[in-house]
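> Residue numbers for the sequence shown follow full-length UniProt numbering, beginning at 1 and rising by one.
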Amino acid sequence: MAPNSDDVVKGAAALKISDEPEKPREGSAAVATVPEKGDPNISANHMGGDMWVVKPVPGAGYGAVALRKIARGERIMADAPLFVVPTTVNDVKTMQQIIALGLKKASKSQAREFLTLDNAHKANGPLVGTASTNVHPMGGGGATEAGLFLAACRINHACVPNAQNKWRADLGRMTVHAARDIPPGEEITLTYLPALFPWAQRQAILKDHFGFACACATCSLPPGLPRDASDRRRQDINDLDEKLGDGKRIVKHAEAMLHDAWRKLQLLREEGITDAWVSRAYHDAFQIAIANGDQARAKVFAERDYEATVACEGKDSPEAAQTMDWVKNPKAHPLYSGKLQWKQGVDKIPKGLSDNEFEKWLFKLPQDGLSN
Ligand SMILES: [Zn+2]
Numbered sequence: 001m002a003p004n005s006d007d008v009v010k011g012a013a014a015l016k017i018s019d020e021p022e023k024p025r026e027g028s029a030a031v032a033t034v035p036e037k038g039d040p041n042i043s044a045n046h047m048g049g050d051m052w053v054v055k056p057v058p059g060a061g062y063g064a065v066a067l068r069k070i071a072r073g074e075r076i077m078a079d080a081p082l083f084v085v086p087t088t089v090n091d092v093k094t095m096q097q098i099i100a101l102g103l104k105k106a107s108k109s110q111a112r113e114f115l116t117l118d119n120a121h122k123a124n125g126p127l128v129g130t131a132s133t134n135v136h137p138m139g140g141g142g143a144t145e146a147g148l149f150l151a152a153c154r155i156n157h158a159c160v161p162n163a164q165n166k167w168r169a170d171l172g173r174m175t176v177h178a179a180r181d182i183p184p185g186e187e188i189t190l191t192y193l194p195a196l197f198p199w200a201q202r203q204a205i206l207k208d209h210f211g212f213a214c215a216c217a218t219c220s221l222p223p224g225l226p227r228d229a230s231d232r233r234r235q236d237i238n239d240l241d242e243k244l245g246d247g248k249r250i251v252k253h254a255e256a257m258l259h260d261a262w263r264k265l266q267l268l269r270e271e272g273i274t275d276a277w278v279s280r281a282y283h284d285a286f287q288i289a290i291a292n293g294d295q296a297r298a299k300v301f302a303e304r305d306y307e308a309t310v311a312c313e314g315k316d317s318p319e320a321a322q323t324m325d326w327v328k329n330p331k332a333h334p335l336y337s338g339k340l341q342w343k344q345g346v347d348k349i350p351k352g353l354s355d356n357e358f359e360k361w362l363f364k365l366p367q368d369g370l371s372n
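(1) Hey, how far is the Cα of Thr191 from the Cα of Ser107?
(2) Suppose you measure from the CA of Arg112 to the CA of His121; what does that come to, to the nearest Å?
(3) Quick check: the region 241 to 253 against the region 287 to 302, are there 3 or more CB pairs under 8 Å?
(4) For a test of your reading of the model: does the CB of Arg233 fall under 7 Å from any non-hydrogen atom of ligand 1? Yes or no.
(5) By Cβ distance below 7 Å, which residues in the same chain neighbour Met324 in space, the five residues on each side in sequence not counted?
(6) Is the beta carbon of Asn45 sitting closer than 8 Å to the one on Val53?
(7) Measure the alpha-carbon distance for His333 versus Arg72 and round it to whole angstroms.
(8) Taking all protein chains shown into account, decide if Phe363 is buried (16 or more other Cβ within 10 angstroms of its Cβ) or exposed.
(9) Consult DSSP for His259 and reduce its assignment to one of helix, strand or coil.
(10) Would a C-beta distance cut-off of 8 Å place Pro184 and Arg68 closer than the cut-off?
(11) Say yes only if the C-beta of Ala158 is nearer than 7 Å to one or more non-hydrogen atoms of ligand 1, and no if none qualify.
(12) Going by beta-carbon coordinates alone, are Phe358 and Pro366 separated by less than 8 Å?
(13) Across which residues does DSSP place His253 in a beta bridge pair?
(14) Helix or strand or just coil, what does DSSP make of Gln201?
(15) Please indicate yes or no: does the CB of Thr87 lie closer than 7 Å to some heavy atom of ligand 1?
(16) Would you mind listing the alpha helix (DSSP H) stretches within the UniProt domain "SET" (50 to 193) that are 4+ residues and don't spill past its ends, in chain order?
(17) Could you give the DSSP three-state label for Ala32: helix, strand or coil?
(18) Report all residues from its chain with a CB closer than 7 Å to the CB of residue 406; omit the five preceding and five following residues, and keep chain order.
(19) Quick one: what's got a C-beta closer than 6 Å to Gly197's C-beta in the same chain, skipping five residues either side?
(20) Could you say which of Gly211, Gln201, Gly141 and Thr88 lies nearest to Leu117 if we only look at CA atoms?
(21) Buried or exposed: which applies to Pro58, given that a residue is buried once 16 or more other Cβ atoms fall within 10 Å of its Cβ?
(22) Taking DSSP as the reference, what is the three-state secondary structure of Gln344?
(23) With DSSP as the reference, identify every bridge partner of Asp294, one or two as the case may be.
(24) Going by beta carbon distance, what residues of the same chain come within less than 6 Å of Trp262, once the five residues before and after it are set aside?
(25) Am I right that Thr144 and Pro194 are in contact with their C-beta atoms under 8 Å? What's the rounded C-beta distance?
(26) Between Ser317 and Val310, how many whole angstroms is the CB-CB distance? I'm expecting something under 8 Å.
(27) Please identify the residue among His209, Ser337, Thr274 and Glu242 whose C-alpha is closest to the C-alpha of Ser132.
(28) Using 7 Å as the cut-off, classify the Cβ of Cys312 as near or not near the heavy atoms of ligand 1, replying yes or no.
(29) With a CB to CB cut of under 7 Å and the five nearest residues on each side skipped, what residues in its chain are close to Ala80?
Right under this line is the structure:
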């Protein structure tokens with residue numbers, strides 16, 4: 001599901017590979033353990049156990065649906081790639097060869113299952129078209145590889161998703177965790193988009209790259225005020241995210257930056273976003289505090305970053321372990337240096353405040369709140 005990888009595959013010729021005789025699918029013994037609601041021909045269902053199952057969902061073909069309550073932070077899957085493609089290859093023929101080679105190493109049933117997935121780029125042929133519709137980048141922005149994950153690619157998109165995926169190079173797997181509690185019967189969703197675009201832009205990108213019109217709860221907000229409010233929040237979050245990325249402000253405009261982080265977290269909450277955006281915002285706040293010598297606030301922000309990172313990536317995540325180091329010893333962070341205008345130790349975390357007063361202390365908010 002890599003919007004960026006799409007450019008790679010434009011103009012491909014079709015490649016027919018459907019000459020294999022039909023055979024019974026492998027793993028028929030395991031099929032017996034698949035909950036009755038699931039399609040036993042979908043290999044992902046062997047991974048879902050009693051937690052989730054792939055089955056038809058209204059308006060979106062197949063999707064992964066929770067069979068029981070999945071609590072925030074629970075690992076939904078850890079999926080190994082069926083094959084891996086470089087995101088840097090422009091040549092369609094080369095890409096076809098890479099995919100064909102990858103499929104040769106897969107079991108016949110998995111290779112066949114791959115070809116049943118959606119293909120939003122039919123002009124590029126079944127291999128390249130299906131791959132470019134379904135691969136996940138293996139890593140963040142600028143990832144040089146993308147993988148086809150037969151279970152993860154069954155998870156449909158929502159513009160406010162309830163789960164978070166993460167390529168775990170240390171495990172060689174794509175993990176998916178519940179970013180909030182998911183009740184039984186609810187579809188598990190991820191975002192396919194790299195940023196929080198407004199409605200019109202989301203619709204255009206999803207149609208162009210993945211071939212569907214998003215009808216998620218956010219996209220179904222009535223035009224006018226509700227939809228405009230969501231669009232405005234997303235724009236504001238993006239603007240704040242950019243401002244928070246400006247390292248030059250971190251000392252000179254420290255307090256304003258901390259207020260930006262607070263606003264961003266408020267907007268994320270209002271928009272219902274609980275995925276990796278939250279840990280990112282707390283990490284920003286942590287950096288602002290520690291760059292100005294405030295170990296007390298830095299420790300609290302690191303704790304919140306840790307909670308959010310563990311929820312979205314798992315306790316075994318290397319990034320969570322790194323964040324725990326900052327919790328234990330905030331001043332070990334490389335930004336702890338320079339002009340220490342807020343210098344104070346971790347013993348200065350106030351005790352006995354109400355939640356509201358604690359938040360005001362944490363983000364250095366004025367007593368009467370921020371003006372907007
Ligand atoms: Zn949507």
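For every residue, glycine included, the Cβ atom is placed at its ideal position computed from N, Cα and C.
A quick look at the data gives this:
(1) Locating residue 191 in the sequence shown gives position 191, counting from the first residue. Locating residue 107 in the sequence shown gives position 107, counting from the first residue. Distance between the alpha carbons of Thr191 and Ser107 is about 29 Å.
(2) What you label residue 112 is simply residue 112 of the sequence shown in a count that begins at 1. What you label residue 121 is simply residue 121 of the sequence shown in a count that begins at 1. Arg112 and His121: Cα-Cα distance of roughly 18 Å.
(3) yes
(4) As a working mapping, residue 233 is identified with position 233 in the sequence shown. Not so, every heavy atom of ligand 1 lies at least 7 Å from the Cβ.
(5) Within the sequence shown, numbered from 1, the residue matching residue 324 stands at position 324. The residues are Tyr306.
(6) Counting from 1 along the sequence shown, the entry for residue 45 is found at position 45. Counting from 1 along the sequence shown, the entry for residue 53 is found at position 53. Contact: yes.
(7) For the purposes of this step, residue 333 is identified with residue 333 of the sequence shown, where counting begins at 1. For the purposes of this step, residue 72 is identified with residue 72 of the sequence shown, where counting begins at 1. Each residue's alpha carbon lies about 29 Å from the other.
(8) The count along the sequence shown starts at 1 and reaches residue 363 at position 363. Buried.
(9) Here residue 259 corresponds to residue number 259 of the sequence shown, with the count starting at 1. His259: helix per DSSP, three-state reduction.
(10) Position 184 of the sequence shown, counting from 1, holds the residue named residue 184. Position 68 of the sequence shown, counting from 1, holds the residue named residue 68. Yes. Within cutoff.
(11) Within the sequence shown, numbered from 1, the residue matching residue 158 stands at position 158. Flag set: Cβ of Ala158 near ligand 1.
(12) Here the question's residue 358 lines up with position 358 in the sequence shown. Here the question's residue 366 lines up with position 366 in the sequence shown. Contact flag unset, no.
(13) For the purposes of this step, residue 253 is taken as residue 253 along the sequence shown, with counting starting at 1. In the DSSP output, where bridge partners are listed per residue, His253 has none listed.
(14) For the purposes of this step, residue 201 is taken as residue 201 along the sequence shown, with counting starting at 1. Of the three classes helix, strand and coil, the one that applies to Gln201 here is helix, per DSSP.
(15) As a working mapping, residue 87 is identified with position 87 in the sequence shown. No; taking the cut-off as 7 Å, the Cβ of Thr87 has no heavy atom of ligand 1 nearer than that.
(16) 92 to 105, 108 to 114 and 125 to 134
(17) Within the sequence shown, residue 32 is the residue found at index 32, counting from 1. Note that Ala32 scores a pLDDT of 36, beneath 50, so its modelled location is shaky and nothing firm can be said.
(18) The structure shown does not extend to residue 406, since the chain is modelled only from 1 through 372, so no value can be given for it.
(19) Here the question's residue 197 lines up with position 197 in the sequence shown. Checking the sequence, you will find Phe at residue 197 rather than Gly. Excluding residues within five positions, none has a Cβ falling inside 6 Å.
(20) Along the sequence shown, read from residue 1 onward, the residue named residue 117 stands at position 117. Measuring from the Cα of Leu117, the nearest candidate turns out to be Gly211.
(21) As a working note, residue 58 is residue 58 in the sequence shown. Exposed is the call here.
(22) Indexing the sequence shown from 1 puts residue 344 at position 344. DSSP places Gln344 in strand when its eight states are reduced to three.
(23) Working through the sequence shown from its first residue, we reach residue 294 at position 294. Paired residues: Gln344.
(24) By 1-based counting over the sequence shown, the position of residue 262 is 262. The answer, listed in chain order, is Phe363.
(25) Working through the sequence shown from its first residue, we reach residue 144 at position 144. Working through the sequence shown from its first residue, we reach residue 194 at position 194. Thr144 to Pro194, Cβ: 15 Å. No contact.
(26) Position 317 of the sequence shown holds residue 317. Position 310 of the sequence shown holds residue 310. Contact flag correct, Cβ pair sits at about 7 Å.
(27) Here residue 132 refers to the residue found at position 132 when the sequence shown is read from its first residue. Of the listed residues, the one whose Cα sits closest to Ser132 is His209.
(28) Taking the sequence shown and counting its residues from 1, one reaches residue 312 at position 312. No, the beta carbon of Cys312 sits no closer than 7 Å to any heavy atom of ligand 1.
(29) Sequence index remark: in the sequence shown, residue 80 carries index 80 (1-based). Excluding residues within five positions, the ones whose Cβ falls inside 7 Å are Gly172 and Arg173.
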